[in-house]
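Q: Have a look at the structure that comes next, please.
There are 2 protein chains.
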Amino acid sequence: MTTPSRRADTAEPLHDLLAERWSPRSYVADHTVTEAETTALLEAARWAPSAQNRQPRRFVAGRRGTEVHARIAACVLERNRVWALRASLLVLGIVERVGHDGAPQRFAEYDLGQSVAHLSVQAQHLGLHVRQMGGFDAEAAAAAFGVEAPYAPLVVVAVGRATAVEDLEPELVERDTAPRQRLPLHELVRQRA
Amino acid sequence: MTTPSRRADTAEPLHDLLAERWSPRSYVADHTVTEAETTALLEAARWAPSAQNRQPRRFVAGRRGTEVHARIAACVLERNRVWALRASLLVLGIVERVGHDGAPQRFAEYDLGQSVAHLSVQAQHLGLHVRQMGGFDAEAAAAAFGVEAPYAPLVVVAVGRATAVEDLEPELVERDTAPRQRLPLHELVRQRA
């Protein structure tokens, strides 16, 4: 079995956990994550930094086969649902837009992004892959899990094992094996000294 | 020299790059980062994922001793400036709030957060520390670096080597050596199955 390697093309070497990370569109449908792995992923999210340590983020997590997984998958837009259903674990990422003191939390989205990034680094360490998606019905997800203002669902995170190249559906082979693309460094970095 | 270890207290073990990461308030004032290290940090930021690979983030980076570093530090609020001036590298993180197609980029902050998280994991791998801060004058930073809508500065990222415990100023000893705190896992994770 060949898990596609799509190593980042960098001017200086990156740590493998970063260089080898990529976001698959197809997961092994009978792969499972353990309770301990799930805990480790959530602990990674938990220990990410946040502005003034306010931690304006919450999560709902369901392993495949559970009602929670099915309810998260049901909120995912149809074009994503096929592969979301196969993910070993689905995590709903929620932002807290207003703090307990009534002040807007300007870094809520930023801090959730950090937190999911830490989760995805831990996933890579565990031999898992992660794909994040904004393409889901946030209102339906809020209703499904009783998420009320100032909290709001922002992202669905699919965790699993990427399908081996030889098992990919034909229409995915190109998308999931093509070289990954990014803006060149000199466009990303406007000024440097 | 003892760099403080403030390892995360987790129910399952995390990869060291995540568990050992923390955000210091004091940096070694004569530590420098190399050009190659700077490139690796920016490459880490570059290869982070983003919604639809839109990469709604840009950076300005200056090593201590450069005009860019001085100009970023000058935008930092006074309470942060003392330690920001000592950082080996200051990075200004910029979001792109509207895409080239005129559509608002709802994931701009989220994606910048991911990107800086990847930078901070690479920093940890290089034996460096990172502190991110929202406490700076974003308008002054925009003016200093010609950042115009739909781009906007959101964060200043200070990178360097944390001061050894025995060299910490007395008022920082407690803050920079106390156990790190997070919400308990059962509060962070609202439902799990």
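Residue numbers (my numbering), protein chains in the order written: chain E, 8 to 200; chain L, 8 to 200. Virtual Cβ for every residue (Gly too), placed ideally from N, Cα, C.
#1: Using three-state DSSP, classify Gln112 of chain E as helix, strand or coil.
#2: Please list, in chain order, the chain L residues whose beta carbon lies closer than 9 Å to that of Ala130 of chain E.
#3: Should Gly141 of chain E be listed as close to the ligand COA, given that the test is whether its C-beta is under 7 Å from any heavy atom?
#4: Looking at Val164 of chain E: is its Cβ nearer than 8 Å to the Cβ of Val98 of chain E?
#5: Just the chain E side, please: which residues come within less than 9 Å of Arg113 of chain L by C-beta, in chain order?
#6: Taking C-beta pairs closer than 7 Å, name the residues in chain L that Thr46 of chain E reaches, listed in chain order.
#7: Starting from Glu103 of chain E and walking both ways along the beta strand (DSSP E), at which residues does that stretch end?
#8: Tell whether a beta-carbon distance below 8 Å holds between Arg182 of chain E and Arg32 of chain E.
#9: Check the DSSP bridge columns for Pro160 of chain L and list the partner residues they point to.
#10: Give the range of the alpha helix (DSSP H) segment to which Arg86 of chain L is assigned.
#11: Name the residues in the region 71-105 of chain L whose C-beta lies less than 8 Å from a C-beta of chain E; which are they?
#12: Return helix, strand or coil for Val196 of chain E, following the three-state DSSP convention.
#13: Give the DSSP-derived three-state secondary structure of His22 of chain L in the structure shown.
#14: Counting only beta-carbon atoms, is Arg32 of chain L nearer than 8 Å to chain E?
#15: Under 7 Å Cβ-Cβ, which residues of chain L neighbour Phe65 of chain E?
#16: If you measure from the beta carbon of Gly167 of chain E to each beta carbon in chain L, is any gap under 8 Å?
A: Once the coordinates are examined:
#1: coil
#2: Those within 9 Å of Ala130 of chain E in chain L number zero; the least Cβ separation is about 10 Å.
#3: In terms of ligand content, the structure shown is empty, and the ligand COA therefore cannot be addressed.
#4: yes
#5: Glu116, Gly141, Leu161
#6: Ala18, Glu19
#7: 96-103
#8: yes
#9: L:Ile101
#10: 85-93
#11: Thr73, Glu74, Val75, His76, Ile101
#12: strand
#13: coil
#14: no
#15: As written in the sequence, residue 65 of chain E is Arg, which differs from the Phe given in the question. Neighbours of Arg65 of chain E on chain L, chain order: Leu195, Arg197.
#16: no
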